[in-house]
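Residue numbers (my numbering): 8 to 427.
As structure tokens, the structure follows; a few thoughts come after it.
Printed below as a string of structure tokens:
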């Protein structure tokens, strides 16, 4: 049976065009078909059998970054993210997608395999061989060289097995939180996971790291592999339920956005739909949680100009902007600078920057130009893809600007003040 796209969602679009100026791909080409409005028309034609599912349709659905800026701009409340993900399931059986989803399933979303692979990558990154490979690619294949430079450094020590399943804060305990260590986060940004846990402990929360947790499933969910994402969601629900935590804290904007959708993803499963609803209500993004529950202020402030880049799946998908922005303003004080187009996508979009390197690079150039104009020496953002993408752009131009997660900056200030 052919997957379907919700007719209710499709007919919400009034074709008013307010989505056009906020769409990065429309901005790149100026073509109607590369806009949210144009893609919705394509979806409608597919669903009423006016057009077949072709390679061109597949190409268009994956040219979209799924940044969901159009959702924020849309006066009719069209849930475009759901539409594009449903459309991608229509082309899941294409050869290209079979290969991509095989890689995602077996090398990214399987944490044990990813960690083994990460150890190999770390050995490569610490060797002279990497320098030789990069030198060769820079001369003979600038495109592959650019892709290779996107990869952040593998963490020296992963968090998932390196810390106790339960850690107690000093003094009174406000409650219990369970933390998602993630797959990409724990491999490339294990220090951010440690900073997240430290900040929560300093703010008097008991912290649990459920041992049965798996990848959140967002990569599969965004790339047409809905069934596999459902399986991962079920495993996480089971693991986090056992923790007995009042809240589930996630320090990756993309992972958090998808975990908040577990109720929707499993809505047709009689054994998990109710459990998924309870689960999603407990999920909180790190900055959202810290801001809403209150955090210890520090007299120490960041001593250099700071800007905040708003991750797409935080500001557009979850509609979370005030919380992280308020934290950044608090810790930066007079050094806070407003970043022009702070909500404009950086071009990461999961693995978009690898698969569509040229397009992602053009989008990134716009972000880097705005950062340079701001005079910032520190960029704060709460998503691993954004950390890697913006970091690669800064490194490419030798700007010497740090790109850090809010948890890392906050923990540094706590340590500097002696709270940690």
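The beta-carbon is built from N, C-alpha and C at its ideal position, and this holds for glycine as well.
Legend entry - residue 80 versus 397, 345, 323 and 347, residue with shortest Cα-Cα distance: Translated into positions along the chain shown, residue 80 becomes position 73. Nearest C-alpha to residue 80: 323.
Inset, instruction - Identify every residue that forms a DSSP beta bridge with residue 212. - result: Here residue 212 is taken as the residue at index 205 of the chain shown, counted from 1. Residue pairing for residue 212: DSSP places it in a beta bridge opposite 182.
Inset, instruction - Give every residue of the same chain whose Cβ lies closer than 8 Å to the Cβ of residue 155, excluding the five residues on either side of it in the sequence, and list them in chain order. - result: Here the question's residue 155 lines up with position 148 in the chain shown. Here residue 155 has 140, 141 and 144 as same chain residues with Cβ atoms under 8 Å from its own Cβ, once five neighbours each way along the sequence are excluded.
Legend entry - Identity of the residues DSSP links to residue 272 by a beta bridge: Along the chain shown, one-based indexing puts residue 272 at 265. Note: residue 272 sits in no beta bridge, so no partner.
Inset, instruction - Pull up the distance between the alpha-carbon of residue 342 and that of residue 200, whole angstroms please. - result: By one-based count along the chain shown, residue 342 stands at place 335. By one-based count along the chain shown, residue 200 stands at place 193. If you draw a straight line from the Cα of residue 342 to the Cα of residue 200, it comes to about 26 Å.
Legend entry - Beta-carbon separation (whole angstroms), residue 94 vs residue 29, contact threshold 8 Å: Indexing the chain shown from 1 puts residue 94 at position 87. Indexing the chain shown from 1 puts residue 29 at position 22. Their Cβ separation, rounded to whole angstroms, is 20 Å, which puts residue 94 and residue 29 out of contact at 8 Å.
Inset, instruction - Identify the continuous alpha helix (DSSP H) that holds residue 387 and give its terminal residues. - result: The residue labelled residue 387 in the question sits at position 380 within the chain shown. Run containing residue 387: none in the alpha helix (DSSP H); it sits in the beta strand (DSSP E), 385–387.
Legend entry - Beta-carbon contacts of residue 355 that lie in its chain and below 6 Å, excluding the five residues immediately before and after: For the purposes of this step, residue 355 is taken as the residue at position 348 of the chain shown. So the list reads 392, 393 and 396, once near-sequence residues are dropped.
Inset, instruction - Would you give the residue range spanned by the alpha helix (DSSP H) that residue 471 belongs to? - result: Because the chain in this structure spans residues 8 to 427, residue 471 falls outside the shown range and cannot be described.
Legend entry - Reference residue 194, options 70, 126, 413 and 311, closest by Cα: In the chain shown, the residue the question calls residue 194 occupies position 187. Nearest of 70, 126, 413 and 311 to residue 194, Cα basis: 126.
Inset, instruction - Take residue 332 and list the residues in its own chain whose beta-carbon comes closer than 7 Å to its own, dropping the five residues that flank it on each side. - result: In the chain shown, counting from the first residue as 1, residue 332 sits at position 325. Excluding its 5 nearest sequence neighbours in each direction, residue 332 has C-beta neighbours in its own chain below 7 Å: 315, listed in chain order.
Inset, instruction - Given a cut-off of 8 Å, decide if residue 290 and residue 255 are closer than it, judged by their beta-carbon atoms. - result: Counted from its first residue, the chain shown places residue 255 at position 248. Counted from its first residue, the chain shown places residue 290 at position 283. Result yes, Cβ atoms of residue 255 and residue 290 sit closer than 8 Å.
Inset, instruction - Let me know if residue 285 comes out buried or exposed under the rule of 16 or more other beta-carbons within 10 Å of its beta-carbon. - result: Walking along the chain shown from the start, residue 285 turns up at place 278. The residue in question, residue 285, is exposed, as its Cβ has fewer than 16 Cβ neighbours within 10 Å.
Inset, instruction - Taking only the alpha-carbon atoms, compute the straight-line gap between residue 180 and residue 186 and give it to the nearest angstrom. - result: Position 173 of the chain shown, counted from the first residue, corresponds to residue 180. Position 179 of the chain shown, counted from the first residue, corresponds to residue 186. Cα to Cα, the separation comes out at about 16 Å.
Legend entry - Close beta carbons around residue 17, own chain, < 8 Å, minus the five adjacent residues each side: As a working note, residue 17 is residue 10 in the chain shown. Setting aside the 5 residues that flank it on each side, residue 17 is surrounded in the same chain by 47, 50, 51, 54 and 90, each with a C-beta closer than 8 Å to its C-beta; the list follows chain order.
Inset, instruction - Assess, as a yes-or-no matter, whether the segment 375–386 is touched by the segment 259–274 under the definition of 3 or more beta carbon pairs within less than 8 Å. - result: No, the segment 259–274 does not touch the segment 375–386.
Inset, instruction - Work out the CA separation of residue 130 and residue 267 for me, nearest whole Å. - result: For the purposes of this step, residue 267 is taken as residue 260 along the chain shown, with counting starting at 1. For the purposes of this step, residue 130 is taken as residue 123 along the chain shown, with counting starting at 1. Put simply, the backbone Cα of residue 267 is about 36 Å away from that of residue 130.
Legend entry - Among 173, 67, 162 and 349, the one whose alpha carbon lies nearest that of residue 251: Residue mapping note: residue 251 aligns to position 244 of the chain shown, counting from 1. For the residues 173, 67, 162 and 349, the minimum Cα distance to residue 251 belongs to 173.
Legend entry - Neighbour-count burial assignment, residue 23, 16 or more Cβ in a 10 Å radius: Here the question's residue 23 lines up with position 16 in the chain shown. It counts as exposed.
Legend entry - Completely contained beta strand (DSSP E) runs for the segment 200–251, where each covers 3 or more residues: With a minimum length of 3 residues, the continuous beta strand (DSSP E) runs that stay inside the segment 200–251 are 212–215.
Inset, instruction - Using three-state DSSP, classify residue 326 as helix, strand or coil. - result: On the chain shown, position 319 is the one that residue 326 refers to. In this structure, residue 326 counts as coil in the three-state DSSP scheme.
Legend entry - C-beta contact flag for residue 1 and residue 292 at 8 Å: Coverage of the chain is limited to positions 8 through 427, which leaves residue 1 absent and any answer about it impossible.
Inset, instruction - Could you spell out the range, first to last residue, of the beta strand (DSSP E) harbouring residue 409? - result: Taking the first residue of the chain shown as 1, we reach residue 409 at position 402. First-last of the beta strand (DSSP E) with residue 409: 409–411.
Legend entry - Beta-carbon contacts of residue 336 that lie in its chain and below 6 Å, excluding the five residues immediately before and after: Looking up residue 336 in the chain shown gives position 329. Within the same chain, residue 336 has close Cβ partners 343.
Legend entry - Rounded C-alpha distance that separates residue 27 from residue 263: In the chain shown, the residue the question calls residue 27 occupies position 20. In the chain shown, the residue the question calls residue 263 occupies position 256. Each residue's Cα considered, the two are about 27 Å apart.
Legend entry - residue 291: first and last residue of the uninterrupted beta strand (DSSP E) it sits in: The residue you call residue 291 lines up with position 284 of the chain shown. It spans 290–292 - the beta strand (DSSP E) in which residue 291 sits, taken as one unbroken run.
Inset, instruction - Tell me whether residue 261 counts as near the ligand GDP, meaning its Cβ is closer than 7 Å to at least one heavy atom of that ligand. - result: The ligand GDP is absent from the structure shown, which contains no ligand whatsoever.
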